[in-house]
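Asker:
Residue numbers (full-length UniProt numbering): 1 to 304.
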């Protein structure tokens with residue numbers, strides 16, 4: 001019986017792939033397809049439904065930015081709901097593992113959103129990934145090829161949602177204007193940032209939090225990098241560092257302003273780690289071989 005169900009699922013996935021992939025591969029980026037348009041509409045609806053299933057009954061968008069789209073965005077990262085939000089609102093693209101493009105369920109969506117596909121395990125892979133990110137940001141800034149807004153979760157991991165944590169500099173290497181976005185979850189029972197647990201358990205607990213949380217978003221005004229003409233003596237690396245610090249401070253201060261759970265007695269963003277960055281080690285210590293097998297499986301998939 002189980003084998004029959006699995007076969008039926010494979011048929012469904014194959015049908016979806018036959019309908020969608022021809023419009024996502026081998027076509028010019030300038031070619032607008034009605035099938036692709038309808039698929040993105042459907043994807044946005046599915047993501048909004050998933051957000052509702054995960055207990056977020058209300059989304060409050062506060063647009064403090066301009067109306068110029070698409071945007072290069074950096075955002076804090078709290079839970080698996082975050083990408084669903086950006087997709088449901090503006091069909092944004094992200095940085096994704098290259099192996100996801102071959103996945104039967106996720107692959108069509110990754111291609112339709114025009115995500116930047118990268119390998120992320122080896123040091124040389126990271127250099128190539130940074131160049132790919134920079135290239136995409138340049139295209140979006142130039143409003144070329146009909147690319148959607150590009151979101152980078154610049155912290156590089158999820159946090160507990162109280163404050164932002166140290167941001168990676170990869171999002172700032174292009175020295176192009178950035179629109180910071182803050183995500184704040186108001187919850188009564190279950191904190192959606194608890195993705196330290198296995199994903200299946202997280203889904204169950206989030207679903208148990210039915211209609212128990214609100215997602216507030218703040219789209220902050222665009223931040224510009226230091227002008228090279230104004231600071232001719234600065235190297236690009238120094239300008240990147242200044243740009244990174246400025247965006248981090250802006251996000252930190254606005255988080256203090258808008259998040260009632262944010263510590264109010266901390267004035268320097270470097271003083272508040274607020275991070276679940278050790279979740280990997282904790283995961284392995286808590287679950288032992290189960291965690292090791294899962295992490296090795298993820299690593300093998302990313303290297304394909």
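Beta carbons are placed, not taken as given, at the ideal position from N, Cα and C, and that holds for glycine.
(1) Looking only at C-alpha atoms, which of 257, 222, 199 sits nearest to residue 290?
(2) Are residue 40 and residue 96 touching if we call contact CB-CB under 8 Å?
(3) Could you please give the first and the last residue of the uninterrupted beta strand (DSSP E) stretch that includes residue 57?
(4) Just the C-alpha distance for residue 248 and residue 215, rounded to the nearest angstrom, thanks.
(5) Could you tell me which whole beta strand (DSSP E) segments of length 3 or greater appear in the region 198 to 252?
(6) In this structure, what does DSSP give as the bridge partners for residue 186?
(7) What did DSSP end up calling residue 80 once you bin it into helix, strand or coil?
(8) Alpha carbon to alpha carbon, what distance is there between residue 131 and residue 125?
(9) Return the CA-CA distance between residue 44 and residue 184, expressed in angstroms with no decimal places.
(10) Beta-carbon within less than 8 Å of residue 207's beta-carbon, same chain only, minus the 5 sequence neighbours each way: which residues are those?
(11) What are the residues that DSSP puts in a beta bridge with residue 289?
(12) Can you tell me whether residue 93 is buried or exposed? The criterion is at least 16 other CB atoms within 10 Å of its CB, across all chains shown.
(13) Return the first residue and the last residue of the alpha helix (DSSP H) that residue 171 is part of.
(14) Using DSSP with H/G/I as helix, E/B as strand and the rest coil, what is residue 262?
(15) How would you call residue 236, buried or exposed, if buried means at least 16 neighbouring beta carbons within 10 angstroms?
(16) Short check: CB of residue 150 to CB of residue 77, under 8 Å?
(17) Could you tell me whether the region 171 to 187 touches the region 211 to 231, using the rule of 3 or more Cβ pairs below 8 Å?
(18) Excluding the five sequence neighbours on either side, which residues of its own chain have a C-beta within less than 6 Å of the C-beta of residue 60, listed in chain order?
(19) Within 8 Å of any Cβ in chain C, is that where the Cβ of residue 34 sits?
(20) Roughly how many whole angstroms lie between the Cα atoms of residue 193 and residue 79?
(21) Does DSSP put residue 177 in a helix, a strand or coil?
(22) Could you say if the region 80 to 89 and the region 164 to 171 meet the contact criterion of at least three C-beta pairs nearer than 8 Å?
Answerer: So, from the data block:
(1) The option with the nearest alpha carbon to residue 290 is 199.
(2) No, Cβ-Cβ distance for residue 40 and residue 96 is not below 8 Å.
(3) Unbroken beta strand (DSSP E) run through residue 57: 56 to 63.
(4) Straight-line Cα distance between these residues: approximately 21 Å.
(5) Segments of the beta strand (DSSP E) lying fully in the region 198 to 252: 213 to 219.
(6) DSSP output for residue 186 lists 214 as bridge partner(s).
(7) Annotated three-state conformation of residue 80 is coil, per DSSP.
(8) Distance between the alpha carbons of residue 125 and residue 131: 10 Å.
(9) Approximately 21 Å, taken between the alpha carbons.
(10) Close CB contacts of residue 207 within its chain, under the 8 Å cut and outside five residues either way in sequence, are with 53, 54, 55 (chain order).
(11) Partner(s): none; residue 289 has no beta bridge.
(12) Flag for residue 93 reads buried.
(13) Careful: residue 171 lies outside any alpha helix (DSSP H) and carries neither H nor E.
(14) Judged by DSSP in its simplified three-state form, residue 262 adopts coil rather than helix or strand.
(15) Under this definition residue 236 is an exposed residue.
(16) No, the pair does not count as a contact, with Cβ atoms beyond the cut-off.
(17) Contact holds: three or more Cβ-Cβ distances are below 8 Å.
(18) Only 216 meet the Cβ criterion.
(19) Considering every chain present, this structure includes no chain C. It has just one protein chain.
(20) Taking the straight line from one Cα to the other gives about 5 Å.
(21) If DSSP states are grouped into helix, strand and coil, residue 177 belongs with coil.
(22) Judged by Cβ distances under 8 Å, the region 80 to 89 makes no contact with the region 164 to 171, as fewer than three pairs qualify.
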